[in-house]
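Under the UniProt record's numbering, the final residue of the sequence shown carries the number 674; numbering is consecutive throughout. Every residue gets a Cβ at the ideal spot worked out from N, C-alpha and C, and that includes glycine. For clarity, every value in this text was computed on a predicted model and none was experimentally measured. Reading through the C-alpha cells given below for one structure.
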Amino acid sequence: MFALHGRGGGRSGDLPTSRCRTVTNDHRERAAGCWLAVLVILAAFGGVAFLGPASAQGTDVAANGTAAPTNDSQSSINETQSQRNGVDGTNETNASSATFNRSTVAEDRGDIAAIGINLSGVTETTVTVGSPAVNYETNVTVADGGNGQVTLLMNSYLAGTTENESQAYDTLAAEDSIVRTNRTTERLEAPLDTSTYNLSATVDGRETDTAALRLTERTSDELVTWTAPAESFDNVTNASEVAAAIENDRITTTDNVAVGDVLVLQSKLSGVYGAFEAANFTELVERGMFNLTVRQTNPGTNRQPKQLDLDRSLANDSIRVIPDPETDILYVNIDTEAAVFERGPPRPGDEFEAELTVREESSLAASNQSIGANVTAVGAELGLGDVSLAADDGQTVTGTTSIAPASEVTISLTANGTGSFVKTNTTTVSPNGTFATTFNLSETSPNTTVDVRAVGPLNTSDDITVPVRQSQEPAPMAGGARLAVDDQTTTGETVRIRNVTLADGGYVVIHAPNASEAPVESVLGTSSYLENGTAENVTVTLGQPLTESTDVVVMAHRDTNDNGVFDFVSSNGSEDGPYTSSSGSTAAGAETSAEAATATGAAASDSEPVATTVSVTVSNATTTGEVSDTTAVGSANGTNASGQPTSENGPGFGIVVATAAIVVAVVALGRRRE
Numbered sequence: 001m002f003a004l005h006g007r008g009g010g011r012s013g014d015l016p017t018s019r020c021r022t023v024t025n026d027h028r029e030r031a032a033g034c035w036l037a038v039l040v041i042l043a044a045f046g047g048v049a050f051l052g053p054a055s056a057q058g059t060d061v062a063a064n065g066t067a068a069p070t071n072d073s074q075s076s077i078n079e080t081q082s083q084r085n086g087v088d089g090t091n092e093t094n095a096s097s098a099t100f101n102r103s104t105v106a107e108d109r110g111d112i113a114a115i116g117i118n119l120s121g122v123t124e125t126t127v128t129v130g131s132p133a134v135n136y137e138t139n140v141t142v143a144d145g146g147n148g149q150v151t152l153l154m155n156s157y158l159a160g161t162t163e164n165e166s167q168a169y170d171t172l173a174a175e176d177s178i179v180r181t182n183r184t185t186e187r188l189e190a191p192l193d194t195s196t197y198n199l200s201a202t203v204d205g206r207e208t209d210t211a212a213l214r215l216t217e218r219t220s221d222e223l224v225t226w227t228a229p230a231e232s233f234d235n236v237t238n239a240s241e242v243a244a245a246i247e248n249d250r251i252t253t254t255d256n257v258a259v260g261d262v263l264v265l266q267s268k269l270s271g272v273y274g275a276f277e278a279a280n281f282t283e284l285v286e287r288g289m290f291n292l293t294v295r296q297t298n299p300g301t302n303r304q305p306k307q308l309d310l311d312r313s314l315a316n317d318s319i320r321v322i323p324d325p326e327t328d329i330l331y332v333n334i335d336t337e338a339a340v341f342e343r344g345p346p347r348p349g350d351e352f353e354a355e356l357t358v359r360e361e362s363s364l365a366a367s368n369q370s371i372g373a374n375v376t377a378v379g380a381e382l383g384l385g386d387v388s389l390a391a392d393d394g395q396t397v398t399g400t401t402s403i404a405p406a407s408e409v410t411i412s413l414t415a416n417g418t419g420s421f422v423k424t425n426t427t428t429v430s431p432n433g434t435f436a437t438t439f440n441l442s443e444t445s446p447n448t449t450v451d452v453r454a455v456g457p458l459n460t461s462d463d464i465t466v467p468v469r470q471s472q473e474p475a476p477m478a479g480g481a482r483l484a485v486d487d488q489t490t491t492g493e494t495v496r497i498r499n500v501t502l503a504d505g506g507y508v509v510i511h512a513p514n515a516s517e518a519p520v521e522s523v524l525g526t527s528s529y530l531e532n533g534t535a536e537n538v539t540v541t542l543g544q545p546l547t548e549s550t551d552v553v554v555m556a557h558r559d560t561n562d563n564g565v566f567d568f569v570s571s572n573g574s575e576d577g578p579y580t581s582s583s584g585s586t587a588a589g590a591e592t593s594a595e596a597a598t599a600t601g602a603a604a605s606d607s608e609p610v611a612t613t614v615s616v617t618v619s620n621a622t623t624t625g626e627v628s629d630t631t632a633v634g635s636a637n638g639t640n641a642s643g644q645p646t647s648e649n650g651p652g653f654g655i656v657v658a659t660a661a662i663v664v665a666v667v668a669l670g671r672r673r674e
C-alpha cells in the first residue's frame, strides 16, 4: 500500500518529541533532527530525580522548574551527538537528500514532462506533483538504479484522467523504476490545464527540495511535404530511423511526389505526444481527436475532387504515423501506391492540399486547429543523359528522374559479338534528381557498340546504343597534374572537365588559344579551389559566353599563395601559375562552340599542340571551326565538383608574364547521342 509521507515544514531537528529515536553508531537513522528526550537530573535537595524534555545543549533543571546548563550535562550531550554523527563528526542525516535538476520544468500541455532528480545517500525518493489548490496532487516514489540520477516522466495528457494514476508516470532509464503512485485528488475529466504545478522531493518524510512544473499552451505551427523512395515505407518506422534518413538525404523536401513514392507530411506541432504515447493514430482518429485530409484542388470540369479515404487507408496499412516528441515533429508517411482515394487514384498533374487537424474533441484545443501544405503528383519517369563512351577507365553514365532521391537505379552496359561483355552498376538518385555511375572500358576495343540501359523503381527505364570511341585519356603528367576532357556540346557558357587530378590542389582554368603568348589576358574562366586529389565532372563557367566555334585551352593551375582564391589574373601572373611538366604547363586543348562543337582529341605531348579542325554548325549556319583569339574578361565564375559556385574578380590585365612552353592538346568537345 502507498505510504504518504508528511512534508515537515521545519528544518532538520524540528520534528516533535513524540517521534524521537535513539541513534547509535551501528544503526543510524536517516531521519533528520530528533530531540534526545531523556535527561536524568539529580535534584540538589532530597535526592529527587526529575524527568523532563531537554534542549539540544543540555540543561540542569532545578526544583522550581527553571533550567540552567551544567558542565556534566553538556559533556554528556556532546558525547551522544558524536555517536550520532560518526567518528569524524559528519552529519549523515543531512547528507541523504533528493534534489531537482531544474528549478522549473517547462513543457507544453499534453506532452511528456521530464523531471530530473539527483539522489545523494539514498536510493528512493517521493516526488509530489501538484497540490490541492490546483485540484491535482500525486505522490510518486521512484527508485534509483545505481547512478544517483532518476528522470521521472509525466504524461501530462493522462495525468489525473485515468483510474490508475501509474499509467501517467514512468522512468526514462530502464534501470530506474516507479515504486508506488498515489493520487490524492479526484479524477479529472480532461487533461491538466495550463498552469504551474508544485514539485516536492522528500526522503523518509523530510522535504529536501522543491521546484515547479509549468505547463504551457500547445502549438500547431506548420506542415511541410517531403518524399521518400517507395521501399522506405517499410524500412523507416521510428523517429531515429526518420532522422537518419533525413541526414542521409533518403527523405527530402519537395512539392512534387512521383505516383508510387512515399509522401511524407512533416507536421510541426506540440502537445500531442502524450496522446500518442497512450494510443496509436488509428485509435485517436476513431476517438475524434485527430483528422487527416488529402483533397484534390484541381478537379476537372464537372468533376468532384479526389480525396484520401482515411479509414480505408488506415485499414490497409498504407499510412504510418511516426511521432518524434524530442523535436515536436509528427511524421505521416503515405504510400501513394497503396493509399485509397475516393474517385480514383492520384494521376500525374493532380494537385492536392494535405491538412492535419487537432480537433476540439481532443480537449487539447479550444477549437479545431489545422495545418496544411500543397503537393503535386508527377509521373514516375527516368531518362539517360547524353552518353559518350571512350575506351578508357572512368566512363560516366548519367541521367535524370522524377522518382524520389535515394531510389536505386541499375545501369548496365552490354556489348555483343567479338569482345562481348555485360557490366552492371547500381547507384542512387541524388537530391537534385540526377544519377551517375562510372565504368572501366579501358580493355574495350574502339567502335564496339554498347547497349546502355538504366532501370529504376516504379517501372521506370531508358536505354540507348552508342559506339565506344578511341581512348582520350591523357598520359600521366609530370608535375603532379592530370586532365581529362570529353567531347561536349555547349551553349558557350560553360566547359566541363571529366576529371582532374591535382597533387597539391588548385584550379582548372579555361584559357583562350593564345595562352602561350598572353597567359593572363587569355583567362576565360576558372573553377573554385579544388582540394588535392581527383575531382570528377568539374564545370567552369566562362566570364563571357563564346559566340562561335573556337579552341580553348584547359589548364591546371596551382594555389601558390595557399589562400584558396585564384590570384593569377589579379597578380598579373605572379601568383597561382600553372602546373608544369618537364616541357611546359599541364593543359588540354578543346574546340567548342556556342551551340554544337565537335573535334577530335589527343593527349598532350611535348610542347606543341595537337589540334584537329572540324566543321560545325552554329545558329543554322555552316562554318568552319577555326582558332580565334578571345578577349579575356575581368571576372570568371566556376563550379567545383560538388556544385558550389565561385567568383573571382581581377583588377584588369597589366604586364603579361610569360610562362615556359605551355603544352596544349586540342580535344574534341562534341558529344552526340546515337
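In this structure, Pro-446 lies away from Val-429, with their beta-carbon atoms at least 7 Å apart. Ser-267 is the residue among Arg-214, Ser-267, Glu-186 whose C-alpha sits nearest the C-alpha of Trp-226.
Of all alpha-carbon atoms in Leu-269, Leu-215, Asn-139, Asp-392, the one lying nearest the alpha-carbon of Thr-327 is that of Leu-269. Rounded to whole angstroms, the separation of the alpha carbons of Val-485 and Asn-537 is 9 Å.
Bounds of the beta strand (DSSP E) holding Tyr-197 are 195-203.
Take the alpha-carbon of Ala-113 and the one of Arg-287: they are about 24 Å apart. Under the three-state reduction of DSSP output, Glu-207 falls in the strand class. By the Cβ rule, the stretch 187-201 does not count as touching the stretch 232-240, because fewer than three pairs are nearer than 8 Å.
The alpha-carbon of Thr-297 is positioned some 56 Å away from that of Asp-144.
The criterion of a C-beta distance shorter than 7 Å is satisfied by Ala-201 and Ala-98.
Burial state of Glu-361 is exposed, judged by a 10 Å Cβ sphere holding fewer than 16 other Cβ atoms. Across the set Gly-379, Ala-228, Ala-512, Arg-558, the C-alpha of Ala-228 shows the shortest separation from the C-alpha of Ser-407.
In this structure, Leu-284 and Gly-110 do not form a Cβ contact; the two beta carbons are roughly 12 Å apart against a cut-off of 8 Å.
With respect to Thr-141, Arg-180 sits close: the two C-beta atoms are nearer than 7 Å.
By the beta-carbon neighbour count (other beta carbons within 10 angstroms, threshold 16), Ala-315 is exposed. Looking at the backbone, the Cα of Ser-420 and that of Glu-381 are separated by about 30 Å. Here the stretch 452-466 lies against the stretch 393-403, with 3 or more beta-carbon pairs under 8 Å apart. For Leu-310, the enclosing alpha helix (DSSP H) covers residues 310-315. Between Thr-104 and Arg-214, the C-beta spacing is below 7 Å. The beta strand (DSSP E) runs lying completely inside the stretch 376-422 and spanning 3 residues or more are 382-384, 395-401, 408-415, given in chain order.
Remark: C-beta atoms of Leu-172 and Ala-278 do not approach each other more closely than 7 Å. Assigned with DSSP and collapsed to three states, Ile-464 falls in strand. Under DSSP, the beta-bridge partners assigned to Leu-269 are Ser-220.
By the C-beta density criterion, Pro-513 is buried, having at least 16 other C-beta atoms within 10 angstroms.
Close CB contacts of Asp-209 within its chain, under the 8 Å cut and outside five residues either way in sequence, are with Ser-97, Ala-98, Thr-99, Phe-100, Ser-200, Ala-201 (chain order). When DSSP states are grouped into helix, strand and coil, Ala-228 belongs to the strand group.
Collapsing the DSSP output to three states places Leu-441 in coil. Annotation: Gly-525 to Ile-464 spans about 33 Å, alpha carbon to alpha carbon. Nearest to Arg-558 by alpha-carbon distance, out of Val-509, Ala-535, Pro-191, is Val-509.
Contact annotation: Asp-108 and Thr-216 have beta-carbon atoms nearer than 7 Å.
Taking all protein chains in view, the Cβ of Ser-313 is crowded by 16 or more other Cβ atoms within 10 Å, so the residue is classified as buried.
In this structure Val-203 is buried. Its beta-carbon is surrounded by 16 or more other beta-carbon atoms within 10 angstroms. When the Cα atoms are used, Asp-451 and Val-397 turn out to be separated by approximately 12 Å. Taking all protein chains in view, the Cβ of Ser-120 is surrounded by fewer than 16 other Cβ atoms within 10 Å, so the residue is classified as exposed. Excluding five sequence positions before and after Asp-393, the CB atoms of its chain that fall closer than 6 Å to its own CB belong to Asn-440, Ser-442, given in chain order. Apart from the 5 residues on each side of it in sequence, Ser-370 sits with its Cβ closer than 6 Å to the Cβ of Glu-355, Thr-357 in its chain, given in chain order.
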